[in-house]
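Peer 1: Below: one structure in C-alpha coordinates.
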Amino acid sequence: MKTPISNKEVFSYFGYGMGQCISFGLVGTFILYFYTDILGISALAASAIFLIARTFDAINDPFMASVMDTLRSKHGKFRQYLLYAPFFITFITIIAFAPLNLGPTASVLFAGATYILWGLIYTVSDVPFWSMSAVMTQDPQERTKLVTFANLGVFVGIGIPTLLFTPLAQFLGGGNLDDGFFYAVVILSLLSLPLMINGFRKTRERVEPPATKVRIRDAIKVIKGNKPMFMILATFFCNIFVNITLGLNIFFFTYNLGNASLLAVFGIISLLSCLGFFFIPMLTKRFYKKHILMTILIIDIVVRFAFYFSGYTNTTVVLAFLTITMILYTATGPLISTMLAETIEFTELRTGQRAEAVTFSGQTFTGKLSVAIAGGATGVILTIINYVPNQAQNPATLQGLFFVIALLPALGSLIRLIIMYFYKFTEDAYTEVVAKLNDNKS
(Lines of atoms letter the chains of each structure in order from A and count residues from 1; the text may use other names and numbers.)
(Lines give C-alpha, C1' and ligand atoms only; values in the text may rest on other atoms or scores of the structure.)
Protein backbone atom coordinates (compact mmCIF):
# COMPACT_ATOMS: atom_id res chain seq x y z
CA MET A 1 0.00 0.00 0.00
CA LYS A 2 3.05 2.29 0.15
CA THR A 3 3.66 2.08 -3.62
CA PRO A 4 3.61 5.62 -5.07
CA ILE A 5 0.89 6.41 -7.59
CA SER A 6 2.40 7.38 -10.97
CA ASN A 7 2.04 10.96 -12.16
CA LYS A 8 0.23 9.69 -15.28
CA GLU A 9 -2.43 8.06 -13.13
CA VAL A 10 -2.74 11.09 -10.84
CA PHE A 11 -3.23 13.44 -13.80
CA SER A 12 -5.75 11.05 -15.40
CA TYR A 13 -7.72 11.04 -12.16
CA PHE A 14 -7.47 14.84 -12.11
CA GLY A 15 -8.72 14.94 -15.71
CA TYR A 16 -11.84 12.93 -14.94
CA GLY A 17 -12.75 15.30 -12.12
CA MET A 18 -12.12 18.31 -14.36
CA GLY A 19 -14.27 16.93 -17.17
CA GLN A 20 -17.08 15.95 -14.84
CA CYS A 21 -17.11 19.36 -13.16
CA ILE A 22 -17.38 21.27 -16.41
CA SER A 23 -20.96 20.00 -16.33
CA PHE A 24 -21.25 20.82 -12.63
CA GLY A 25 -19.95 24.35 -13.29
CA LEU A 26 -22.38 24.92 -16.14
CA VAL A 27 -25.36 23.81 -14.08
CA GLY A 28 -24.25 25.38 -10.80
CA THR A 29 -23.35 28.78 -12.27
CA PHE A 30 -25.69 29.30 -15.22
CA ILE A 31 -28.84 27.19 -14.80
CA LEU A 32 -30.67 29.80 -12.72
CA TYR A 33 -29.95 32.52 -15.29
CA PHE A 34 -31.08 30.12 -18.04
CA TYR A 35 -34.33 29.41 -16.23
CA THR A 36 -35.19 33.04 -15.42
CA ASP A 37 -33.86 35.00 -18.39
CA ILE A 38 -34.16 32.49 -21.27
CA LEU A 39 -36.93 30.04 -20.40
CA GLY A 40 -38.86 32.77 -18.58
CA ILE A 41 -39.37 30.78 -15.37
CA SER A 42 -39.82 32.84 -12.21
CA ALA A 43 -37.05 32.84 -9.61
CA LEU A 44 -39.39 31.26 -7.06
CA ALA A 45 -40.38 28.47 -9.48
CA ALA A 46 -36.71 27.79 -10.11
CA SER A 47 -36.13 27.61 -6.36
CA ALA A 48 -38.92 25.05 -6.05
CA ILE A 49 -37.30 22.92 -8.78
CA PHE A 50 -33.98 22.91 -6.92
CA LEU A 51 -35.56 21.92 -3.61
CA ILE A 52 -37.72 19.15 -5.09
CA ALA A 53 -34.70 17.71 -6.90
CA ARG A 54 -32.67 17.59 -3.69
CA THR A 55 -35.53 15.91 -1.84
CA PHE A 56 -35.37 13.20 -4.48
CA ASP A 57 -31.59 13.00 -4.04
CA ALA A 58 -32.01 12.57 -0.29
CA ILE A 59 -33.58 9.19 -1.02
CA ASN A 60 -31.76 8.28 -4.20
CA ASP A 61 -28.08 9.03 -3.49
CA PRO A 62 -27.54 6.81 -0.41
CA PHE A 63 -29.52 3.97 -2.04
CA MET A 64 -27.49 4.12 -5.25
CA ALA A 65 -24.25 4.25 -3.24
CA SER A 66 -25.22 1.21 -1.18
CA VAL A 67 -25.87 -0.69 -4.42
CA MET A 68 -22.43 0.36 -5.73
CA ASP A 69 -20.81 -1.04 -2.59
CA THR A 70 -22.31 -4.49 -3.30
CA LEU A 71 -21.25 -4.88 -6.95
CA ARG A 72 -17.99 -5.65 -8.74
CA SER A 73 -17.10 -6.20 -12.39
CA LYS A 74 -13.99 -6.98 -14.42
CA HIS A 75 -13.25 -3.25 -14.32
CA GLY A 76 -13.33 -3.15 -10.51
CA LYS A 77 -15.73 -1.89 -7.89
CA PHE A 78 -15.97 1.73 -9.06
CA ARG A 79 -14.19 2.01 -12.42
CA GLN A 80 -17.10 0.29 -14.16
CA TYR A 81 -19.23 3.41 -13.65
CA LEU A 82 -16.52 5.72 -14.99
CA LEU A 83 -16.75 3.87 -18.32
CA TYR A 84 -20.37 4.80 -19.14
CA ALA A 85 -21.21 7.86 -17.04
CA PRO A 86 -19.29 10.39 -19.20
CA PHE A 87 -21.58 9.85 -22.19
CA PHE A 88 -24.75 10.25 -20.13
CA ILE A 89 -23.46 13.36 -18.32
CA THR A 90 -22.61 15.05 -21.61
CA PHE A 91 -26.03 14.25 -23.07
CA ILE A 92 -28.16 15.34 -20.10
CA THR A 93 -26.20 18.58 -19.61
CA ILE A 94 -26.90 19.60 -23.20
CA ILE A 95 -30.58 18.66 -22.95
CA ALA A 96 -31.01 20.54 -19.64
CA PHE A 97 -30.05 23.81 -21.41
CA ALA A 98 -32.19 23.29 -24.51
CA PRO A 99 -33.96 26.65 -25.16
CA LEU A 100 -37.37 25.16 -25.98
CA ASN A 101 -40.34 27.50 -26.26
CA LEU A 102 -42.90 25.34 -24.43
CA GLY A 103 -45.00 27.86 -22.56
CA PRO A 104 -44.92 28.70 -18.82
CA THR A 105 -46.18 25.44 -17.32
CA ALA A 106 -44.45 23.08 -19.74
CA SER A 107 -41.17 25.00 -19.30
CA VAL A 108 -41.29 24.47 -15.55
CA LEU A 109 -42.01 20.76 -16.00
CA PHE A 110 -39.24 20.41 -18.57
CA ALA A 111 -36.76 22.22 -16.34
CA GLY A 112 -37.72 20.13 -13.32
CA ALA A 113 -37.49 16.80 -15.16
CA THR A 114 -34.13 17.49 -16.79
CA TYR A 115 -32.63 18.92 -13.59
CA ILE A 116 -33.65 15.85 -11.56
CA LEU A 117 -32.32 13.54 -14.28
CA TRP A 118 -29.05 15.48 -14.38
CA GLY A 119 -28.65 15.01 -10.62
CA LEU A 120 -29.35 11.28 -10.91
CA ILE A 121 -26.74 10.76 -13.64
CA TYR A 122 -24.21 12.96 -11.89
CA THR A 123 -24.44 10.73 -8.82
CA VAL A 124 -23.57 7.67 -10.93
CA SER A 125 -20.35 9.43 -11.89
CA ASP A 126 -19.44 11.48 -8.83
CA VAL A 127 -19.76 8.84 -6.10
CA PRO A 128 -17.47 6.34 -7.88
CA PHE A 129 -15.03 9.11 -8.80
CA TRP A 130 -14.46 10.13 -5.19
CA SER A 131 -14.60 6.53 -3.97
CA MET A 132 -11.69 5.72 -6.29
CA SER A 133 -9.39 7.79 -4.06
CA ALA A 134 -9.98 5.29 -1.25
CA VAL A 135 -9.26 2.18 -3.36
CA MET A 136 -6.33 3.47 -5.40
CA THR A 137 -4.16 3.64 -2.26
CA GLN A 138 -4.33 3.43 1.52
CA ASP A 139 -1.17 5.44 2.16
CA PRO A 140 -2.17 8.77 3.83
CA GLN A 141 0.22 10.98 1.83
CA GLU A 142 -0.57 9.31 -1.50
CA ARG A 143 -4.27 9.63 -0.76
CA THR A 144 -3.81 13.28 0.15
CA LYS A 145 -2.06 13.81 -3.20
CA LEU A 146 -4.88 12.06 -5.07
CA VAL A 147 -7.60 14.01 -3.29
CA THR A 148 -5.68 17.25 -3.76
CA PHE A 149 -5.54 16.71 -7.52
CA ALA A 150 -9.17 15.58 -7.53
CA ASN A 151 -10.15 18.87 -5.89
CA LEU A 152 -7.90 20.71 -8.31
CA GLY A 153 -9.81 19.02 -11.12
CA VAL A 154 -13.09 20.08 -9.53
CA PHE A 155 -12.14 23.73 -9.33
CA VAL A 156 -10.52 23.83 -12.76
CA GLY A 157 -13.58 22.12 -14.20
CA ILE A 158 -15.93 24.59 -12.54
CA GLY A 159 -13.62 27.45 -13.49
CA ILE A 160 -13.62 26.62 -17.20
CA PRO A 161 -17.30 27.57 -17.74
CA THR A 162 -16.82 30.62 -15.53
CA LEU A 163 -13.85 31.68 -17.65
CA LEU A 164 -15.01 30.74 -21.13
CA PHE A 165 -18.79 30.56 -21.15
CA THR A 166 -19.75 34.24 -21.28
CA PRO A 167 -17.30 35.33 -24.02
CA LEU A 168 -17.98 32.11 -25.95
CA ALA A 169 -21.77 32.57 -25.76
CA GLN A 170 -21.50 36.23 -26.76
CA PHE A 171 -19.25 35.31 -29.70
CA LEU A 172 -21.55 32.54 -30.88
CA GLY A 173 -24.58 34.76 -30.40
CA GLY A 174 -23.14 37.65 -32.40
CA GLY A 175 -22.72 39.77 -29.28
CA ASN A 176 -25.92 38.55 -27.61
CA LEU A 177 -25.38 36.28 -24.59
CA ASP A 178 -28.81 34.66 -24.76
CA ASP A 179 -28.57 33.80 -28.47
CA GLY A 180 -25.29 31.93 -28.03
CA PHE A 181 -26.13 30.37 -24.67
CA PHE A 182 -27.08 26.88 -25.86
CA TYR A 183 -24.24 26.57 -28.37
CA ALA A 184 -21.69 27.43 -25.68
CA VAL A 185 -23.17 24.68 -23.48
CA VAL A 186 -22.80 22.14 -26.30
CA ILE A 187 -19.16 23.03 -26.99
CA LEU A 188 -18.06 22.96 -23.34
CA SER A 189 -19.97 19.73 -22.68
CA LEU A 190 -18.29 17.97 -25.59
CA LEU A 191 -14.92 19.26 -24.35
CA SER A 192 -15.41 17.33 -21.10
CA LEU A 193 -16.02 13.93 -22.71
CA PRO A 194 -12.46 12.85 -23.69
CA LEU A 195 -11.13 13.99 -20.30
CA MET A 196 -13.48 11.63 -18.49
CA ILE A 197 -12.88 8.72 -20.86
CA ASN A 198 -9.12 9.02 -20.30
CA GLY A 199 -9.72 9.08 -16.54
CA PHE A 200 -11.38 5.68 -16.78
CA ARG A 201 -8.65 4.21 -18.96
CA LYS A 202 -5.62 5.27 -16.90
CA THR A 203 -6.71 4.68 -13.26
CA ARG A 204 -6.54 1.43 -11.25
CA GLU A 205 -8.07 0.01 -8.06
CA ARG A 206 -5.61 -1.53 -5.57
CA VAL A 207 -7.29 -1.77 -2.14
CA GLU A 208 -9.20 -5.02 -1.87
CA PRO A 209 -12.52 -4.88 0.01
CA PRO A 210 -13.15 -7.16 3.01
CA ALA A 211 -14.13 -10.72 2.15
CA THR A 212 -17.58 -10.23 3.68
CA LYS A 213 -20.00 -9.06 1.04
CA VAL A 214 -21.65 -5.71 1.69
CA ARG A 215 -25.43 -5.74 1.70
CA ILE A 216 -27.65 -2.76 1.02
CA ARG A 217 -28.96 -2.74 4.57
CA ASP A 218 -25.36 -2.50 5.81
CA ALA A 219 -25.39 1.13 4.71
CA ILE A 220 -27.26 1.93 7.91
CA LYS A 221 -24.42 0.42 9.95
CA VAL A 222 -21.90 2.55 8.07
CA ILE A 223 -23.74 5.77 8.80
CA LYS A 224 -24.88 5.03 12.35
CA GLY A 225 -22.42 6.21 14.95
CA ASN A 226 -19.86 7.59 12.47
CA LYS A 227 -19.50 10.96 14.18
CA PRO A 228 -16.32 12.00 12.31
CA MET A 229 -18.06 11.47 8.96
CA PHE A 230 -21.05 13.59 9.98
CA MET A 231 -18.81 16.41 11.22
CA ILE A 232 -16.84 16.47 7.97
CA LEU A 233 -20.04 16.40 5.89
CA ALA A 234 -21.43 19.28 7.96
CA THR A 235 -18.23 21.19 7.25
CA PHE A 236 -18.55 20.38 3.54
CA PHE A 237 -22.19 21.49 3.53
CA CYS A 238 -21.08 24.98 4.50
CA ASN A 239 -20.02 25.37 0.86
CA ILE A 240 -23.60 26.56 0.50
CA PHE A 241 -22.58 30.09 1.45
CA VAL A 242 -19.98 30.32 -1.32
CA ASN A 243 -22.33 28.53 -3.75
CA ILE A 244 -24.84 31.33 -3.19
CA THR A 245 -22.24 33.86 -4.25
CA LEU A 246 -21.31 31.79 -7.32
CA GLY A 247 -24.93 31.79 -8.42
CA LEU A 248 -25.17 35.56 -7.96
CA ASN A 249 -21.81 36.49 -9.51
CA ILE A 250 -23.28 36.94 -12.97
CA PHE A 251 -25.80 39.41 -11.51
CA PHE A 252 -23.11 41.19 -9.42
CA PHE A 253 -20.76 41.64 -12.37
CA THR A 254 -23.58 42.69 -14.70
CA TYR A 255 -25.29 45.24 -12.46
CA ASN A 256 -22.92 46.28 -9.63
CA LEU A 257 -19.74 46.44 -11.72
CA GLY A 258 -21.55 47.11 -15.01
CA ASN A 259 -19.65 44.54 -17.03
CA ALA A 260 -20.81 40.92 -17.43
CA SER A 261 -17.53 40.11 -19.21
CA LEU A 262 -15.74 40.46 -15.86
CA LEU A 263 -17.14 37.01 -15.09
CA ALA A 264 -14.40 35.70 -17.38
CA VAL A 265 -11.84 37.50 -15.20
CA PHE A 266 -13.36 35.77 -12.19
CA GLY A 267 -12.89 32.49 -14.06
CA ILE A 268 -9.19 33.25 -14.37
CA ILE A 269 -9.12 34.06 -10.65
CA SER A 270 -10.77 30.72 -9.88
CA LEU A 271 -8.24 28.82 -11.95
CA LEU A 272 -5.23 30.63 -10.48
CA SER A 273 -6.52 30.16 -6.94
CA CYS A 274 -6.13 26.42 -7.43
CA LEU A 275 -2.35 26.80 -7.45
CA GLY A 276 -2.57 26.85 -3.67
CA PHE A 277 -3.56 23.18 -3.82
CA PHE A 278 0.03 22.20 -4.45
CA PHE A 279 1.05 23.46 -1.01
CA ILE A 280 -1.52 21.31 0.82
CA PRO A 281 0.45 18.00 0.68
CA MET A 282 3.53 19.83 1.97
CA LEU A 283 1.60 21.41 4.83
CA THR A 284 -0.06 18.13 5.84
CA LYS A 285 3.39 16.58 6.33
CA ARG A 286 4.06 19.06 9.15
CA PHE A 287 0.68 20.10 10.56
CA TYR A 288 -2.67 18.52 11.41
CA LYS A 289 -5.23 19.03 8.63
CA LYS A 290 -7.66 20.24 11.29
CA HIS A 291 -5.32 23.07 12.33
CA ILE A 292 -4.54 24.05 8.74
CA LEU A 293 -8.25 24.29 8.00
CA MET A 294 -8.98 26.35 11.13
CA THR A 295 -6.23 28.83 10.24
CA ILE A 296 -7.63 29.27 6.73
CA LEU A 297 -11.13 29.89 8.12
CA ILE A 298 -9.98 32.58 10.55
CA ILE A 299 -8.14 34.42 7.77
CA ASP A 300 -11.21 34.18 5.51
CA ILE A 301 -13.47 35.80 8.11
CA VAL A 302 -11.08 38.73 8.60
CA VAL A 303 -10.60 39.26 4.86
CA ARG A 304 -14.32 39.23 4.11
CA PHE A 305 -15.09 41.91 6.66
CA ALA A 306 -12.36 44.04 5.11
CA PHE A 307 -13.88 43.36 1.68
CA TYR A 308 -17.35 44.46 2.75
CA PHE A 309 -16.25 47.71 4.37
CA SER A 310 -14.09 48.62 1.34
CA GLY A 311 -17.17 48.77 -0.92
CA TYR A 312 -17.47 47.89 -4.60
CA THR A 313 -16.77 51.20 -6.35
CA ASN A 314 -13.19 50.22 -7.24
CA THR A 315 -13.23 47.23 -9.59
CA THR A 316 -9.54 46.48 -9.06
CA VAL A 317 -9.99 46.30 -5.28
CA VAL A 318 -13.04 44.07 -5.71
CA LEU A 319 -11.13 41.66 -7.95
CA ALA A 320 -8.22 41.62 -5.48
CA PHE A 321 -10.50 40.63 -2.61
CA LEU A 322 -12.24 38.02 -4.77
CA THR A 323 -8.83 36.54 -5.57
CA ILE A 324 -7.85 36.25 -1.91
CA THR A 325 -11.17 34.76 -0.83
CA MET A 326 -11.14 32.24 -3.69
CA ILE A 327 -7.62 31.10 -2.77
CA LEU A 328 -8.75 30.55 0.81
CA TYR A 329 -11.94 28.78 -0.25
CA THR A 330 -10.30 26.41 -2.72
CA ALA A 331 -7.63 25.45 -0.16
CA THR A 332 -10.34 23.95 2.07
CA GLY A 333 -11.42 21.41 -0.58
CA PRO A 334 -8.59 18.85 -0.47
CA LEU A 335 -8.41 19.07 3.32
CA ILE A 336 -12.10 18.26 3.75
CA SER A 337 -12.11 15.46 1.16
CA THR A 338 -9.02 13.80 2.62
CA MET A 339 -10.48 13.95 6.13
CA LEU A 340 -13.68 12.37 4.81
CA ALA A 341 -11.72 9.56 3.11
CA GLU A 342 -10.03 8.78 6.43
CA THR A 343 -13.39 8.03 8.02
CA ILE A 344 -13.70 5.01 5.70
CA GLU A 345 -11.08 3.14 7.74
CA PHE A 346 -12.86 4.27 10.91
CA THR A 347 -16.01 2.62 9.57
CA GLU A 348 -14.17 -0.54 8.52
CA LEU A 349 -12.66 -1.03 11.97
CA ARG A 350 -16.01 -0.45 13.67
CA THR A 351 -18.28 -2.48 11.35
CA GLY A 352 -16.04 -4.66 9.17
CA GLN A 353 -17.37 -2.90 6.04
CA ARG A 354 -15.43 -0.33 4.01
CA ALA A 355 -18.45 1.01 2.09
CA GLU A 356 -16.52 3.72 0.24
CA ALA A 357 -19.47 4.58 -1.99
CA VAL A 358 -21.84 5.15 0.93
CA THR A 359 -19.31 7.44 2.59
CA PHE A 360 -18.64 9.48 -0.53
CA SER A 361 -22.33 9.54 -1.44
CA GLY A 362 -22.57 11.70 1.65
CA GLN A 363 -20.19 14.15 0.00
CA THR A 364 -22.01 13.93 -3.34
CA PHE A 365 -25.41 14.40 -1.77
CA THR A 366 -24.20 17.16 0.53
CA GLY A 367 -22.53 18.93 -2.38
CA LYS A 368 -25.64 18.75 -4.56
CA LEU A 369 -27.82 19.72 -1.60
CA SER A 370 -25.70 22.80 -0.94
CA VAL A 371 -25.81 23.77 -4.63
CA ALA A 372 -29.57 23.23 -4.81
CA ILE A 373 -30.38 25.10 -1.61
CA ALA A 374 -27.99 27.82 -2.73
CA GLY A 375 -29.85 27.95 -6.05
CA GLY A 376 -33.13 28.17 -4.19
CA ALA A 377 -31.71 30.80 -1.86
CA THR A 378 -30.46 32.91 -4.75
CA GLY A 379 -33.95 32.97 -6.20
CA VAL A 380 -35.35 34.02 -2.82
CA ILE A 381 -32.57 36.59 -2.35
CA LEU A 382 -33.21 38.10 -5.78
CA THR A 383 -36.90 38.36 -4.90
CA ILE A 384 -36.23 39.93 -1.47
CA ILE A 385 -33.86 42.58 -2.85
CA ASN A 386 -36.37 43.38 -5.63
CA TYR A 387 -34.24 42.28 -8.57
CA VAL A 388 -35.89 42.96 -11.95
CA PRO A 389 -34.46 41.04 -14.96
CA ASN A 390 -32.89 43.01 -17.81
CA GLN A 391 -33.30 46.41 -16.12
CA ALA A 392 -31.10 48.80 -14.16
CA GLN A 393 -31.30 47.91 -10.46
CA ASN A 394 -32.03 50.34 -7.62
CA PRO A 395 -29.30 51.18 -5.04
CA ALA A 396 -30.82 48.95 -2.34
CA THR A 397 -30.77 45.97 -4.71
CA LEU A 398 -27.14 46.61 -5.61
CA GLN A 399 -26.15 46.91 -1.95
CA GLY A 400 -27.98 43.68 -1.16
CA LEU A 401 -26.09 41.85 -3.90
CA PHE A 402 -22.77 43.17 -2.59
CA PHE A 403 -23.56 42.11 0.99
CA VAL A 404 -24.19 38.55 -0.14
CA ILE A 405 -21.08 38.39 -2.35
CA ALA A 406 -18.69 39.90 0.19
CA LEU A 407 -19.89 39.03 3.68
CA LEU A 408 -22.33 36.11 3.71
CA PRO A 409 -19.61 33.41 3.24
CA ALA A 410 -17.98 34.60 6.48
CA LEU A 411 -20.91 32.98 8.30
CA GLY A 412 -20.04 29.66 6.66
CA SER A 413 -16.42 29.99 7.75
CA LEU A 414 -17.51 30.70 11.32
CA ILE A 415 -19.71 27.58 11.42
CA ARG A 416 -16.86 25.47 9.99
CA LEU A 417 -14.48 26.87 12.60
CA ILE A 418 -16.79 25.81 15.42
CA ILE A 419 -17.17 22.29 14.00
CA MET A 420 -13.40 21.87 13.60
CA TYR A 421 -12.80 22.99 17.18
CA PHE A 422 -14.69 19.89 18.38
CA TYR A 423 -13.30 17.49 15.72
CA LYS A 424 -11.15 14.74 17.29
CA PHE A 425 -10.38 12.20 14.52
CA THR A 426 -6.96 13.60 13.64
CA GLU A 427 -3.95 11.97 11.96
CA ASP A 428 -2.91 10.22 15.18
CA ALA A 429 -6.29 8.53 15.53
CA TYR A 430 -6.29 7.54 11.85
CA THR A 431 -2.84 5.94 12.12
CA GLU A 432 -4.00 3.87 15.09
CA VAL A 433 -7.07 2.70 13.17
CA VAL A 434 -5.03 1.62 10.12
CA ALA A 435 -2.55 -0.21 12.37
CA LYS A 436 -5.40 -2.15 14.01
CA LEU A 437 -6.87 -3.02 10.61
CA ASN A 438 -3.53 -4.34 9.41
CA ASP A 439 -3.14 -6.38 12.62
CA ASN A 440 -6.60 -7.89 12.07
CA LYS A 441 -5.71 -8.87 8.49
CA SER A 442 -2.32 -10.39 9.36
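Numbering-wise (the numbering used here), the sequence shown opens with residue 3 and increments by one.
Positions of the beta carbon are idealized from the N, C-alpha and C atoms, including for glycine.
(1) What separation, rounded to the nearest whole angstrom, lies between the Cα atoms of A379 and S49?
(2) Apart from the five residues just before and just after L295, which ones in its own chain have a Cβ nearer than 7 Å to its Cβ?
(3) Please list, in chain order, all residues of the same chain as F36 whose beta carbon is under 7 Å from its beta carbon, the five residues on each side excluded.
(4) Quick check on DSSP: helix, strand or coil for G78?
(5) Look at E347 and V209 and say whether their C-beta atoms are less than 7 Å apart.
(6) By Cβ distance, which residues of its chain are closer than 6 Å to I51, with the 5 residues on each side in sequence left out?
(7) Can you tell which of F279, F404, A171 has its C-alpha closest to the C-alpha of S339?
(8) By alpha-carbon positions, which one of I387, G161, I40 ends up nearest to G446?
(9) Taking V158 and L273 to be in contact with their CB atoms under 8 Å, please state how far apart those CB atoms are, rounded to whole angstroms.
(10) Looking at the secondary structure, which residues open and close the alpha helix (DSSP H) in which F13 lies?
(11) Only counting the same chain, and skipping five residues up and downstream in sequence, which positions put a Cβ closer than 6 Å to that of A67?
(12) What distance in whole Å lies between the Cβ atoms of S8 and T92, which are believed to be in contact at a cut-off of 8 Å?
(13) If you compare alpha carbons, which of N103, L197, I242, T399 is closest to S14?
(14) To test your reading of the DSSP string, which unbroken beta strand (DSSP E) runs of 3 or more residues are found completely within the segment 340-412?
(15) Could you check the C-alpha separation between L321 and L277 for me, to the nearest Å?
(16) Answer yes or no: do C240 and G414 have a C-beta to C-beta separation smaller than 7 Å?
(17) Should the segment 260-269 be regarded as contacting the segment 385-403, the criterion being three or more beta carbon pairs within less than 8 Å?
(18) Does the contact criterion of 3 or more C-beta pairs under 8 Å hold for the segment 240-259 versus the segment 30-45?
(19) Is the beta carbon of P163 sitting closer than 7 Å to the one on F427?
(20) Hey, how far is the Cα of K147 from the Cα of E11?
(21) Count the other CB atoms, across all protein chains shown, that sit within 10 Å of the CB of M284; report buried if there are 16 or more and exposed otherwise.
(22) Classify I386: buried if its beta carbon has 16 or more other beta carbons within 10 angstroms, exposed otherwise.
(23) Under DSSP, the alpha helix (DSSP H) around I160 begins and ends at which residues?
(24) Per DSSP, what kind of secondary structure is T237 in: helix, strand or coil?
(25) So, for I270: in the same chain, excluding its five sequence neighbours on each side, which residues have a beta-carbon less than 7 Å away from its beta-carbon?
(26) Using the rule of at least 16 other Cβ atoms within 10 Å of the residue's Cβ for burial, across every protein chain shown, is E144 buried or exposed?
(27) For I303, which residues in the same chain have their Cβ closer than 8 Å to its Cβ, ignoring the five residues on either side in sequence?
(28) Excluding the 5 residues preceding and the 5 following T332 in the sequence, name in chain order all residues of the same chain whose CB lies nearer than 8 Å to its CB.
(29) Rounded to the nearest angstrom, what separates H77 and G381 at their Cα positions?
(30) Which residue comes first and which comes last in the alpha helix (DSSP H) that contains I189?
(31) DSSP on V209, reduced to helix/strand/coil?
(32) Since F202 contacts L84 with CB under 8 Å, what's their CB separation in whole angstroms?
(33) Measure the alpha-carbon distance for L53 versus A374 and round it to whole angstroms.
(34) Go to F112, then tell me how far its alpha helix (DSSP H) extends in each direction, as first and last residue.
(35) Go ahead and label N89 buried or exposed: buried means 16 or more other beta carbons lie within 10 angstroms of its beta carbon, across all protein chains shown.
Peer 2: The relevant details are as follows:
(1) 7 Å
(2) T334, L337, M422
(3) F99, F183
(4) strand
(5) no
(6) A113, G114, Y117
(7) F279
(8) No statement about residue 446 is possible, as the shown extent of the chain runs from 3 to 444 and does not include it.
(9) 6 Å
(10) 9-35
(11) V129, A359, V360, S363
(12) Not a contact, Cβ separation roughly 27 Å.
(13) L197
(14) none
(15) 17 Å
(16) yes
(17) no
(18) yes
(19) no
(20) 11 Å
(21) exposed
(22) exposed
(23) 142-174
(24) helix
(25) L165
(26) buried
(27) A412, S415, L416, L419
(28) N153, F157, S272, S275, C276, G278, F279
(29) 43 Å
(30) 179-204
(31) coil
(32) 4 Å
(33) 6 Å
(34) 106-137
(35) Here the sequence assigns Phe to residue 89, which means Asn is not the residue at that position. Exposed: under 16 other Cβ atoms inside 10 Å.
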